[in-house]
Every structure is written in C-alpha cells, then in structure tokens.
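Structure record follows, encoded as structure tokens.
Protein chains: 2
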Amino acid sequence: MKPQRAELVAETAITLLAERGMRGLTHRAVDEAAGLPPGSTSNLARTRSALLELTLARLAELEADAFAPVLDVAGLTMPDMLAEMTARALWTQLTTGRRQTIARYELAMEATRRPELRKIYDEAGSRFRDPAVTILSAAGSTDPVRHGRQLVAFSEGMMFDAVIGAGAEPTLDDLRLGVRDLLRGMLAG
Amino acid sequence: MKPQRAELVAETAITLLAERGMRGLTHRAVDEAAGLPPGSTSNLARTRSALLELTLARLAELEADAFAPVLDVAGLTMPDMLAEMTARALWTQLTTGRRQTIARYELAMEATRRPELRKIYDEAGSRFRDPAVTILSAAGSTDPVRHGRQLVAFSEGMMFDAVIGAGAEPTLDDLRLGVRDLLRGMLAG
DNA sequence: GTAGTTTAACTACGGCCGTAGTAATATCCA
DNA sequence: TGGATATTACTACGGCCGTAGTTAAACTAC
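Protein chains in written order, with our numbering: chain G, 1 to 189; chain W, 190 to 378.
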C-alpha cells in the first residue's frame, strides 16, 4: 500500500490545526494546502473522526521520537542528567516542534469529547508516564508515581505557557534550572 | 443597560465550549442552549470575534475570583501556607470550575491566532503572574521571576493533565504535596 | 404622552462543511 | 498478459454557519 498519501495528509492536517485551529481543519482545506486534487482527503479519511484519528496517530509518532532520548533509563538516575535531557526535549518542542505541540493541544481538547481520540492520546501518554515513574524510582524518589505525574505536568505546563499562554518564552537555561528545581524538591522529600 | 443578557450568553458560551469545543460554539447554538429566541446572540455579539471576546472576558472574571485568595500576599511568605492556598485553588478549578477550565483552554488556543483575544488573555494572566513574583520574592526566592513562571506553569500543567490530558485525577493531597515539592526545590536554590 | 433612541426579534443570503456515490485509474497476482 | 482489486478523482446534496438588514417593541427623557 501507499502510506505516502496518508502521511502527507496527516502532516498537512497538523499544520492546519496549528495555524487555523479545529475550525480550520476540514477535508477540503487539507486538499488545498497539500496540493491534492479535491476530494482526496475526504476519500482517504472518510469521516471527520477518521481524519482526526489519522492525524493524532501521526502526531504520537512525532512526539515519541522527540522524547525518545529522555526515556532511556540508562544514566538518568542522576538528577542533573535527567534534568538536562528533559530540558532539551522540551526545548525541541518549543522551537522545532512548536507546530506539532500546538496541534497536539488542539487534539487533546478534542479527545475530551471523542473516545476514539482519547484512546490514542492516553496510550501515547503512557509511553511517557510509565518510564518517568521508573526513572524517578531509580533516582531515589519516595513516591515515584506521584512524582512522575508531577514531572510530566511541569513539562506540560512549561510547554503550554510558552506556546499557548501568556508566559514569556523561556530559554533553554530556564528549562534546565526549572526541571532541576522540581527534581531537587521531589528527591529531597 | 441590561447586562443580564450578555452574562447569560457568555455563561452559555462557556458551557458550549466545554461540552462541544470550538466547533460547537455558534451563535445559533447559544440561542438554543440558553433558551433565547433565534438571532439573539447574533444580535448581541454581531461577529464571531465579538462573541469570543465577550466569553473570554467573562471567563477572566470567574478565574480571578477563584484565585483571589491565593493572591493576597499577607501570610503567604511561608511556603507551606502558599502551597496550601495554591493547592486549594487548583482543586477548585478541577472540580467546581472544571467547565470554565476547559473553556479557558479552548479560548487560549484561539488566542494564539486572534490578537484581540490574546490581549484579554495576557492581561488576565498577568493578574496571576505578577503577584506570584511578589510572593515568591517575599518567600525568599533568589530568582522570583523565573520561579513565578515555574509555579504558574506547574499549576497549569497539573490542571491541564487532570482535566484534558491522560493523567489520572490528582487528589487535593497530591496537589498540596506537589506544590510543596516545587516550592522546596525552588527555595532551596 | 410623545419623540427619539436603544434593544430585541425575525428573516435572508451566500458560503463552506461533512459525507457519500460513482467513474476512472493504477496496482497486483496468477 | 489479463482480470481482480484497491486506490484515486470527481461530483452532488443537504445542512449549518457567519453576517447583516429590517421591522417591532421597550425604554428614556423631556
């Protein structure tokens, strides 16, 4: 089969989501933005739900790639090293990956109301959360589950504020120091 | 004048945003959900932009009320007290205020692309951020601006994960401990 | 009480959307 | 090679959306 087409559509959908939001993502808009003949997207993803699923699935891949280096347990038992890797991954999401970060938030909101999206989103999320617990446990956390959630939440909040919110753009150093602060607080408990 | 009408419309719009997302918020949908005669919303907020502005302005009021107790500097120089107040405010947003929290995220995304919304959102945001800096400074932070941003980001992330994301619902105690962890780490620097 | 002004009610229009049916084309395997 | 099958292209339809114009009602101030 030809995944070429599906990937192009998903990629274009991500861009549209980021630039125009949920109301800007339509079958026809994807066709036009991707330079495909009219009806192509409608044909590949027959319903709107199918289009969203396709897009979120692609997005999950991209995010997994971006955070892959952080999820390798080896060597991350040292807090400073963990902070460094986390900060760099976040930095990537704020710069190179800004587009997909915005699109992911759009789809996260939609997942609130669409079970088929929630399934994909949750599954993708656990691929970050589970390793985080393991790593924090190895780093000496006394409550790795809660701390894992906190680390993920802190990361999410930093990204959200930087990309969506009113917060000023943090520097890479801000991120590094921030994660380090949190880790210090958690591991000193 | 009669602000009754405007408030009803804004309140209904918030509910629609939370329940059906940006694509579910239309002039006609507000009319129907609010039990108003057709055309009423279209008449009060003549353009879509006006409707969004009206809604976000109302939302900013609600959020300001919810966080008012935390923003009182008095007595909050003690980290545990600050953590307690913050955790309680967050808890409110996750339970009673869940609807407006979701709606706020919808509008935050939209503010990315609409300058008129960004203006309102940023202004409302600074009403949290500025006091946070002051309070952290009083609590002994060596870098209150960065720490203020981190505290807000952490709060935002905990809310986002709980309401939108894949994270399990935190308990009030989780929130308390989480904020305490972060404060400990920041103030130990 | 009545003239003038604001607010509400209703209606209309052009446009885009989701969806699906069907025809054309390419691809694959025996 | 040639027939079966999957993919792509094109078109159509009903429906809802944003917007605005126009009329009717309510209110205000003199």
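Where a beta carbon is used, it is the ideal one built from N, C-alpha and C, also for glycine.
Asked, Found
"Per-residue DSSP class, three states only, for G/ALA89", "helix"
"Which of helix, strand or coil DSSP assigns to G/ARG215", "Residue 215 of chain G lies beyond the stretch modelled for chain G, which goes from 1 to 189, so this question has no answer here."
"Three-pair Cβ contact test at 8 Å for the stretch 80-95 of chain G versus the stretch 15-27 of chain G", "no"
"Residues of its chain near W/LEU340, where Cβ-Cβ distance is below 8 Å and the 5 sequence neighbours each way are ignored", "THR275, ALA321, LEU325, VAL368, LEU371, LEU372 and MET375"
"Minimum Cβ-Cβ distance from W/ARG247 to chain G less than 7 Å", "no"
"Local Cβ density within 10 Å of W/THR201, reported as buried at 16 or more and exposed below that", "buried"
"Closer than 7 Å to chain G by CB, W/GLY346", "yes"
"Close beta carbons around G/PHE160, own chain, < 8 Å, minus the five adjacent residues each side", "TYR105"
"Euclidean distance between Cα positions of G/GLU53 and W/ARG209", "18 Å"
"Nearest-angstrom Cα separation, counted from G/MET158 out to G/LEU175", "8 Å"
"For W/SER238, three-class secondary structure by DSSP", "helix"
"Contacting residues, own chain, Cβ-Cβ under 6 Å from G/HIS147 (five flanking each side not counted)", "LEU136, SER141 and MET186"
"Alpha carbon of G/ARG46 to alpha carbon of G/ARG113, nearest angstrom", "20 Å"
"Three-state secondary structure (DSSP) of W/LEU325", "helix"
"Residue-chain proximity (W/MET267, chain G), Cβ-Cβ < 7 Å", "no"
"Where the alpha helix (DSSP H) through W/GLU221 begins and ends", "216-223"
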